[in-house]
Amino acid sequence: MRAVPESSRAGLRWWRELQRGRGVTEITLVAAMARNRVIGDEGGMPWHLPADLKHFKAVTMGCPVVMGRRTFESIGRPLPGRTNIVISRSRPELPDGVVLAGGLDEAIERAGAQRVMVIGGGQVYREALRRADRMELTLIDAVVTGDTVFPEWPASEWRLAAMQARPSDEANAHNLVFATFERAASRD
Numbered sequence: 044m045r046a047v048p049e050s051s052r053a054g055l056r057w058w059r060e061l062q063r064g065r066g067v068t069e070i071t072l073v074a075a076m077a078r079n080r081v082i083g084d085e086g087g088m089p090w091h092l093p094a095d096l097k098h099f100k101a102v103t104m105g106c107p108v109v110m111g112r113r114t115f116e117s118i119g120r121p122l123p124g125r126t127n128i129v130i131s132r133s134r135p136e137l138p139d140g141v142v143l144a145g146g147l148d149e150a151i152e153r154a155g156a157q158r159v160m161v162i163g164g165g166q167v168y169r170e171a172l173r174r175a176d177r178m179e180l181t182l183i184d185a186v187v188t189g190d191t192v193f194p195e196w197p198a199s200e201w202r203l204a205a206m207q208a209r210p211s212d213e214a215n216a217h218n219l220v221f222a223t224f225e226r227a228a229s230r231d
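If you want it as structure tokens, here you go:
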């Protein structure tokens, strides 16, 4: 039997590798949020930032994406190059190829992949946060009005693994930071 390494970070990495070998799925939350944590307003995003959309596509392409029904409706179509899984307690009409799940557990099971991207909305993020291994966040340098916010997370449980700043330009009205957070502590 393999001994657990002394370093807690190395130990956590070892544990995740062991779990992945057993089919445990890595859950990544992908979101864009303003300084006041707003992620949505009246079923849509309160901004249009092509740089964020390009980043979102690069991060999620080829991976199953899990979202709530309202998020799917706001997108308006299945995202190409990704298995689209919609969580809903009702039985909404969905286009061919979109997978319906009754809850987060079922969505992850139906994804059948080692890496799943959770892309919203607020309620789905709140439920998935406690199980997430990674967060790919676009931090938008703006305070906006909205009715949906990204949940707060315990800073002690997460570490900033990477970040890249992107200044505003003609197409992107706000400065952006693409930030990757990884779970730093075990969850009890």
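Residues in the sequence shown are numbered from 44 upward in steps of one, following the numbering used here.
No residue lacks a Cβ here, since even glycine has one placed at the ideal position from N, Cα and C.
Note that this is a predicted model, so its numbers are computed, not measured.
- Residue state for Glu149 is assigned as helix, using DSSP reduced to three classes.
- Closest in C-alpha terms to Asp148, from the list Ala205, Glu195 and Val129, comes Val129.
- A straight line joining the alpha-carbon of Ser131 with that of Ala77 spans about 26 Å.
- Short of 6 Å from the beta carbon of Asp176, and not among the five residues preceding or following it, lie these beta carbons of its own chain, in chain order: Glu69, Ile70 and Arg226.
- Residue state for Ala222 is assigned as strand, using DSSP reduced to three classes.
- The C-beta distance from Thr223 to Ala198 rounds to 15 Å, too long to fall under 8 Å, and the pair is not in contact.
- One thing to note: Val73 has its Cβ no nearer than 7 Å to the Cβ of Val109.
- DSSP places Leu182 in the strand class (E or B) of the three-state scheme.
- Taking C-beta atoms under 8 Å as the contact rule, Ala214 and Pro93 qualify, at a distance of about 5 Å.
- Here His98 is near Phe221, since their CB atoms are less than 7 Å apart.
- Val186 counts as exposed, since fewer than 16 other beta carbons sit within 10 angstroms of its beta carbon.
- Counting along the chain, the unbroken beta strand (DSSP E) around Glu69 starts and ends at Glu69 to Ala77.
- Residue pairing by DSSP places Arg125 opposite no residue, since no beta bridge is assigned to it.
- The continuous stretches of alpha helix (DSSP H) do not include Leu92, and DSSP gives it neither H nor E.
- Its Cα nearest to that of Ile118, the residue Glu85 stands out among His217, Thr188, Glu85 and Arg174.
- Looking from the CA of Gly140, the closest CA among Ile151, Arg125, Ser211 and Arg134 belongs to Arg125.
- Per the C-alpha coordinates, the member of Thr181, Glu200, Gly163 and Arg158 positioned closest to Phe115 is Gly163.
- Pairing Gly155 with Gly83 gives a Cβ-Cβ distance that is not under 7 Å.
- An exposed status is given to Gly105, since fewer than 16 other beta-carbon atoms sit within 10 Å of its beta-carbon.
- It is roughly 33 Å from the alpha-carbon of Asp184 to the alpha-carbon of Gly146.
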